[in-house]
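Some notes on the structure that comes next.
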Amino acid sequence: MRRSVYLIQPDRAMPHATRKTDLLSRSVAHRLVLLVCIGMLIACSTPQPTAPVVPTLNPGGLIATSVASNQVNSQLESLGNFPRIDEVEFGVVEHLFYTDRERVLTLTEIAGFDWIRQQIHWKDIEASPGVYYWDEVDRIIADTSAHNIKLMISVVQAPDFYEPNHGIPADPVPFGNFVENMVQRYGGLITAVEIWNEPNLAIENGGRIDDT
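If you want it as structure tokens, here you go:
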């Protein structure tokens, strides 16, 4: 009887499918190595960004400004005179009606805010033409002043007898009378008055979008 003897040697006596898989794996590995080498060559050939310019001190001791900053300053100066301030101040929008104002104002001070913006609904204060009820506003003004916080009043929501949709009334006289009465009442306790809030939005202007 004839017998067959197989001698197992690496890469020679392996089945055909196994050798094919091994060759495929080597091919993939070679390609990965090639791609890595190409990537390294590209990275090395790419120009490196220049180092940032470190500002230097001029003889007067001030940091020299860049050319771009000088150009911006020139453009601003060409616009003419505009208000300049000595320091930057920050404010926060608050709603101080019928709440624990002392707590809110104390937290405002702790947070370091300089200003408060408070909205006033005109329709809740002028009950009928020329008749004003300032009681709660009086308390807000007094409490804010006690904390030495600057106050901006934003007037919104006209009474329906001036404007049924509570937007800015077509006749500006009643609105002027309201603001005049408020300013005369509180004087310097109000630092600024915002003439309506976002009048370019329909929801803030009685459903209309008008140029105001």
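Residue 85 in my numbering is what sits at position 62 of the sequence shown, and the numbering runs on without skipping anything.
The beta-carbon is built from N, C-alpha and C at its ideal position, and this holds for glycine as well.
Taking the alpha carbon of residue i as the reference point, which residue from the options has its own alpha carbon closest?
i: Lys-146; options: Asp-137, Arg-140, Trp-138 and Trp-157; result: Trp-157
i: Lys-173; options: Leu-128, Leu-57, Asn-228 and Asn-220; result: Leu-128
i: Gln-180; options: Phe-120, Val-111, Glu-227 and Gly-211; result: Glu-227
i: Ala-134; options: His-189, Val-115, Trp-219 and Val-196; result: Val-115
i: Glu-203; options: Met-63, Leu-58 and Tyr-155; result: Tyr-155
i: Pro-182; options: Leu-57, Ile-148 and His-170; result: Ile-148
i: Cys-217; options: Phe-198, Ala-225 and Gly-229; result: Before going further, note that residue 217 is Glu rather than Cys in the sequence given. It is Phe-198 whose Cα lies nearest to the Cα of Glu-217.
i: Ala-193; options: Asn-104, Gly-229 and Asp-137; result: Gly-229
i: Asn-171; options: Thr-214, Gly-62 and Pro-106; result: Thr-214
i: Arg-208; options: Val-160, Val-111 and Val-196; result: Val-160
i: Glu-117; options: Met-205, Asn-104, Gly-153 and Phe-136; result: Phe-136
i: Arg-126; options: Asn-93, Ser-151, Ala-169 and Ile-108; result: Ala-169
i: Pro-152; options: Arg-107, Asn-188, Val-196 and Val-111; result: Val-196
Spatial neighbours of residue i within its chain, please: CB distance less than 7 Å, with the 5 preceding and 5 following residues excluded, ordered by chain position.
i: Gly-84; result: Its pLDDT being 49, under 50, Gly-84 is placed unreliably by the model, and nothing is read from it.
Would you decide whether residue i is buried or exposed? Buried here means 16 or more other CB atoms lie within 10 Å of its CB.
i: Glu-186; result: buried
i: Phe-113; result: exposed
i: Phe-201; result: buried
i: Met-167; result: Rather than Met, the amino acid found at residue 167 in this sequence is Thr. By the neighbour-count rule (16 or more Cβ atoms within 10 Å), Thr-167 is buried.
i: Arg-124; result: buried
i: Met-63; result: exposed
i: Asn-190; result: Correcting the residue type first, residue 190 is Gly in the shown sequence and not Asn. Flag for Gly-190 reads buried.
i: Ala-87; result: Residue placement at Ala-87 cannot be trusted, given a pLDDT of 47 that sits under 50; what the coordinates show is reported in the next sentence. Exposed, since its Cβ has fewer than 16 Cβ neighbours within 10 Å.
i: Ile-139; result: buried
i: Thr-131; result: buried
Using C-beta distances below 6 Å, list every residue in its chain close to residue i, excluding the 5 sequence neighbours before and after it, in chain order.
i: Ile-163; result: Leu-119
i: Ala-142; result: It is Gln, not Ala, that sits at residue 142 in the sequence shown. Ser-177 and Val-179, listed in sequence order.
i: Asn-223; result: none
i: Ala-165; result: none
i: Glu-221; result: Glu-227
Taking 8 Å as the limit between beta carbons, can you name the residues of its chain near residue i, skipping five residues before and five after?
i: Trp-219; result: Ser-177, Val-178, Val-179, Ile-191, Glu-227, Asn-228 and Thr-235
Beta carbon of residue i: closer than 7 Å to some heavy atom of the ligand ZN?
i: Gly-210; result: Within the structure as shown, the ligand ZN is missing, as the structure has no ligands at all.
Checking contacts by CB at 8 Å: is residue i closer than that to chain C?
i: Phe-201; result: Structure shown: chain C not included; a single protein chain is present.
Query - Length at least 3, wholly inside the segment 114–170: the beta strand (DSSP E) runs in chain order - result: With a minimum length of 3 residues, the continuous beta strand (DSSP E) runs that stay inside the segment 114–170 are 114–117, 138–144 and 149–151.
Query - Completely contained alpha helix (DSSP H) runs for the segment 193–227, where each covers 4 or more residues - result: You should have 195–209.
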